[in-house]
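Written below as structure tokens is the structure these notes are about.
Protein chains: 2
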Amino acid sequence: MGHVQVEFQPQGVRVTVPPGTSVSDAAIAAGLELYMPCGGEGRCGKCKVVCRNGKCSDPTGAELEALSAQELQAGFRLACQTKISEDAVIQIPLSSRLRGKRILEEISARPVELAPNVRRVTLVVDPPNLETQNDDLHRVAQALGWYEGAPEVVLRAARALPEAVRAADGALTVTLLGDKIVEVQAGRTERGVYGLALDVGTTTVVGYLVDLATGKRVATASALNRQHQFGADLVSRVEFSNEEPHGKNRLRRAVLEVVNEIVVEAARLAGVALNDIYEVTVVGNACMHHMLLGLDTRHIAATPYVAVMRQAACFSSRELGIRINPRGSVYVLPLVAGWVGADTVGVMMASRLCDAEQPTMAIDLGTNGEIVLWTGERLLACSAAAGPAFEGAQIKQGMRAAEGAIEHVEVEGGDVVCHTIAGAKAVGICGSGLLDAVAQLLELGVLEQSGRLDDEAKAQKLPPQVAKRLRGEGPRREFVLAWPEESAVDSGVVLTQADIRQVQLAKGAIRAGAEVLLAEAGLTAGQLSAILLAGAFGSYINPASALRVGLVPEVPVEAVRGIGNAAGAGAVLALLSVEERQYAQEIARRTAHLELSTRADFQELFMEAMMFP
Amino acid sequence: MGHVQVEFQPQGVRVTVPPGTSVSDAAIAAGLELYMPCGGEGRCGKCKVVCRNGKCSDPTGAELEALSAQELQAGFRLACQTKISEDAVIQIPLSSRLRGKRILEEISARPVELAPNVRRVTLVVDPPNLETQNDDLHRVAQALGWYEGAPEVVLRAARALPEAVRAADGALTVTLLGDKIVEVQAGRTERGVYGLALDVGTTTVVGYLVDLATGKRVATASALNRQHQFGADLVSRVEFSNEEPHGKNRLRRAVLEVVNEIVVEAARLAGVALNDIYEVTVVGNACMHHMLLGLDTRHIAATPYVAVMRQAACFSSRELGIRINPRGSVYVLPLVAGWVGADTVGVMMASRLCDAEQPTMAIDLGTNGEIVLWTGERLLACSAAAGPAFEGAQIKQGMRAAEGAIEHVEVEGGDVVCHTIAGAKAVGICGSGLLDAVAQLLELGVLEQSGRLDDEAKAQKLPPQVAKRLRGEGPRREFVLAWPEESAVDSGVVLTQADIRQVQLAKGAIRAGAEVLLAEAGLTAGQLSAILLAGAFGSYINPASALRVGLVPEVPVEAVRGIGNAAGAGAVLALLSVEERQYAQEIARRTAHLELSTRADFQELFMEAMMFP
């Protein structure tokens, strides 16, 4: 059986694959990232490509449904459905590409006393003598101030010790991982010692390289989670893991590959040797945590939603395959529950939620929504299945926060004005834009409390520039955010009635989760001193819009604050101080998890919360 | 450059080597073990071989010195000196071969409460539930009775856990190494869990395979330490390690190879899978300890004789390269000093020396002599450089305790009667035979207090059969133990005046060490309730002979007892109980080491102790 050559445009990348390979698999083989939120099942219609040359398989049912007649005629296909049978040239349109993604890297870890698990110290070790005949390790222990017992030592360091301790008149640099000596070098070294805090998100992975002698961040690197090719959301990845051959391993390798690229990139940016990175700390939701460790996720996804392990754990970098110093270690922060992960623990650490004297709520609006309520005495948490609407999936022209995404919408001079990321021509709409758009439509009176785009009669009361944007009938009604000429896509960018329904489902779930926690604690929204919004989406949204659409309980607008990538900040804190690790374990244990699926009140609150205020 | 073929007789083994290879290297390449106590330096003259065909290098100075004119004419050469330049047939005489070696395997560990570091337990784990949503590991911890915190878990076991815990209705077999779960299997398993106690001696390595569920020994395997090819005694091996390319690594690999053969053989004998062996405990002198771990021994061998590390330590089986379960561990017992090793700690553990109410002495007569004195309050230890005489080196016809070695000598019916190992024709004399022979010569009056073989005048007072055996003049005087017709070697077996001088040096060192300890403690020999002799040689010697030649302080003959391979018993104890490990560390710390080389009194006591009583 021969092979066929596929060329991808505009990248100009060529790859050779067996005939019958799907375009999406060929793109993966070529190292290109396609936007494929449904995981390549033909459901989302996002992976549109144009076949320019060459013979492809006939359109599938999924393609006939997802593509308009014009698109089909113009050669548009779904990359996940189309199989290549001879040499082909494939055009990947801007909207199907993943690039220039805005990744939240800002990290505002509160100050902490530096007490890292990894230490590099320079000592002067006494020479051996006939009186005591103390061994080399014992004299090193004494120089370290160890009088009771002795530190452990890895074999390699023990092997290097006799020469190192004598080569520079007893001057010795010792690297300790906890109470274990992992490296010895003769004399004083100028080389620093580093750790990497990893925030493994469903969508993006961010690494913060920290100088453990100073506590300063020296580089940040981030990349899209390459598991994306197997599904945009956790549920489709878990399915992939369960059903595809070697699914679990392929998911593990995909995220590991990204992690290692981040390690290498952060080290390169800071000019640090990989061998001088001795520790990695990891936060992530339970699925990311399990997938990175190679643990089965199937029981997280099905009732009773239990994890394989929730406790904080330490593994060797070598056994996990992370390319820092091979004698280094990887500390994974604890999980609260199958759907309240180490990322939420990180949020609690970074915000010191429990230090607040008044009740405070934190919401991590990543791909999933985790909500924590500090009542002043207790920690309650739940996870609300918001769905991926805020990430751009299930929204007709939804996209993630990449170049050309409408990120902010306002009404100015009698018309709707859209702001896009990087000021580019509009390609689609991302979460913060979506929320703004819905909030503005509510303000304009275009949108009813029930979520129905108002009928034309009422629309006629609108400023003419706005009224013009409302078009179509009934369920096909839509609102034009960007006209074709303001846009990089032929159709312009519109918000449909169906899109608004998706927003209602998503925000309703978050809000209902928040209300369940308040009810459980016997509190009202008015008693909350603050609502902290964490995560990529949470940090970019406009608090006024969040309140206007009813995403969060009703508090004064100044009480709603973004706190940045607080999950990542938790990982940094764990890197900086072993006491923070204790704290992480303590709060993870203290947090009572409410399983929403078992609560009668949740369904009712959810129905209510889907309405707009 | 071509290659030459060498055939070894009587084994019939062929090997191809580059021209210029020494016969000893060719023998090593062929997997044959030659007796080469000096480590191949041409000093001991023990590696005699006969070149039957083929061109060899001309005899070296060392060969001309070691071999008689007749031997040279008959084709005798030293294997370590002779280089092969064309195809050759080499005959290895019986006396140059290592085989049928008697290795002390008997082990008399005192009873101990079974509390091994490795445990395999069968549990029934509760199913997950929606109320608590406890993770799999947490439920396992609960079934293990862990209510505070949780056990650690290795990645592989965590990966296997979700399936294992569900496959047999919660029935689960868990293997714990300390507080770490290293393996999980669904259901109940019939497979046991095992540990191997290793006694790594300079000459021999012994492994005791123990069923850790019952504490019963299920197999014993032993082999000669293959480091022998690099030198019989520690000093020559340390020299090899320091001076030869990759010397340290070659020594490490040589002993590791033997260790792994023992692991495999013990497992085979007991029908146990290698993966079911989870732990190895190791005793050995400091050099063996260091060489197995790959640590530099040079500072043990030179003043101030310090070890790299003395403390007990735990390494992974994988990093040490020992072929038990790759997630298993290797526990090395602590050392007291550079020349008082973990083997001596093992002797103290097995004999529970410190439990004695009266002062007691233990002497480990291996290749080196370590002496421990329990005063009733304090533990004092020293190491006496006895030299390898009792191992057969530096004795003209000395050999180790292998087939054909004279192991026991008595006077019966007016003549000397020699008993050999396995009742074979005499090939040479081993340590216990040597001590007996000297003791009998003292009894017969053939040997003066000074160590001089008596002049013929006195010899004429001897029984005629005995008198006939005394021959030669002055320093060439010798005593025939086995006539040629009783012997497998043409010359018969003789004890020379020079041999007796070697015995004086060896026993003098041991005795002087014992006297230094007594003096330090302010005790006399009469106050000793027992002298315990450990180790291969120590266990086989006749207490009466030991007292007659003055090897040990003067106590009643019944106070001198062999205690078998007590070092190995210490390793077994460490395998059976973690409390024994605590005890080992405690006694290693408590033991005060006396460095004989710095003591003025030692030299004087040594001169005295060389005389016969």
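Chains as they are written, first to last, in this note's numbering: chain A, 120 to 732; chain B, 120 to 732.
Backbone N, C-alpha and C define an ideal beta-carbon position, used for all residues, glycine too.
Computed from a prediction, not measured in an experiment: that's the story for all the values here.
Per DSSP, the unbroken beta strand (DSSP E) holding C537 of chain B starts and ends at D534 to T539. With respect to the C-alpha of D534 of chain A, the residue from A:A556, A:A545, A:E489 and A:G547 having the closest C-alpha is A:A556.
Between the segment 693-711 of chain A and the segment 139-149 of chain B there are fewer than three C-beta pairs closer than 8 Å, too few to call the two in contact. Considering only B:V402, B:G390 and B:E282, the residue with the shortest C-alpha distance to T323 of chain B is B:V402.
In this structure, E182 of chain B lies away from G159 of chain B, with their beta-carbon atoms at least 9 Å apart.
Taking 8 Å as the cut-off between beta carbons, the residues of the segment 391-413 of chain A near chain B are L412 and G413, in sequence order. Residues K167 of the same chain have their beta carbon placed closer than 8 Å to that of E190 of chain A, with the five preceding and five following residues left out of the count.
The count of Cβ pairs closer than 8 Å, one atom from the segment 429-444 of chain A and one from the segment 363-380 of chain A, reaches three, so the stretches are in contact. The beta carbon of L724 of chain B lies closer than 7 Å to those of A631, E634 and V635 in the same chain, with the five residues before and after it left out.
V357 of chain A and K165 of chain A have their C-alpha atoms spaced approximately 20 Å apart.
Secondary structure of H122 of chain B (DSSP, three-state): coil. In the three-state scheme derived from DSSP, where H, G and I count as helix and E and B as strand, T463 of chain A is classed as helix. Listed along chain A, no residue sits closer than 9 Å to G194 of chain B by beta-carbon distance, the nearest being about 45 Å off. Per DSSP, the unbroken beta strand (DSSP E) holding M480 of chain B starts and ends at T479 to L484.
Between the alpha carbons of K626 of chain B and L666 of chain B lies a gap of roughly 11 Å. Three or more Cβ pairs closer than 8 Å define a contact, and the segment 711-724 of chain A meets that threshold against the segment 501-509 of chain A. The beta-carbon of D288 of chain B is placed no less than 9 Å from the nearest beta-carbon of chain A.
Not flagged as an interface residue toward chain B: A663 of chain A, since no C-beta distance is shorter than 9 Å.
In this structure, the alpha-carbon of M410 of chain B lies about 9 Å from that of S360 of chain B. If you ignore the 5 residues before and after K174 of chain B, its C-beta comes within less than 7 Å of the C-beta of S204 and E205, all in its own chain and listed in chain order. In the DSSP secondary-structure assignment, G488 of chain B is bridged to B:L484 and B:A503. Spatial neighbours of Q623 of chain A in its own chain (CB-CB distance under 6 Å, excluding positions within 5 residues in sequence) are listed in chain order as G570 and M729. Contact annotation for Y424 of chain B against chain A: Q252 [CB-CB distance below 7 Å, chain order]. A straight line joining the alpha-carbon of A340 of chain A with that of Y327 of chain A spans about 7 Å. In this structure, DSSP gives Y327 of chain A an extended state, which the three-state scheme calls strand. Assignment of V383 of chain A by DSSP, reduced to helix, strand and coil, places it in the helix class. Cβ-Cβ separation between A690 of chain A and A316 of chain A: approximately 4 Å, consistent with a contact (criterion under 8 Å). C-alpha of Q568 of chain B to C-alpha of P732 of chain B: approximately 6 Å in a straight line.
C-alpha of L375 of chain A to C-alpha of R371 of chain B: approximately 35 Å in a straight line. The Cβ atoms of G669 of chain B and G485 of chain B lie no closer than 9 Å to each other. Listed by position along chain A, the residues whose Cβ is nearer than 8 Å to that of E358 of chain B form an empty set, because the closest Cβ is around 16 Å away. Per DSSP, reduced to three states, the secondary structure at D255 of chain A is helical. In the same chain as V244 of chain A, and ignoring 5 residues on each side of it, the C-beta atoms closer than 7 Å to its own belong to R258, V259, A262, V284, G289 and L291, in chain order. About 5 Å separates the beta carbons of D330 of chain A and G311 of chain A, which is inside the 8 Å limit, making them a contact pair. Within the same chain, E597 come within 6 Å of G591 of chain A by CB-CB distance, once the 5 residues on both sides are set aside.
When the alpha-carbon of P662 of chain A is set against those of A:S551, A:P235 and A:A638, the nearest one is in A:S551.
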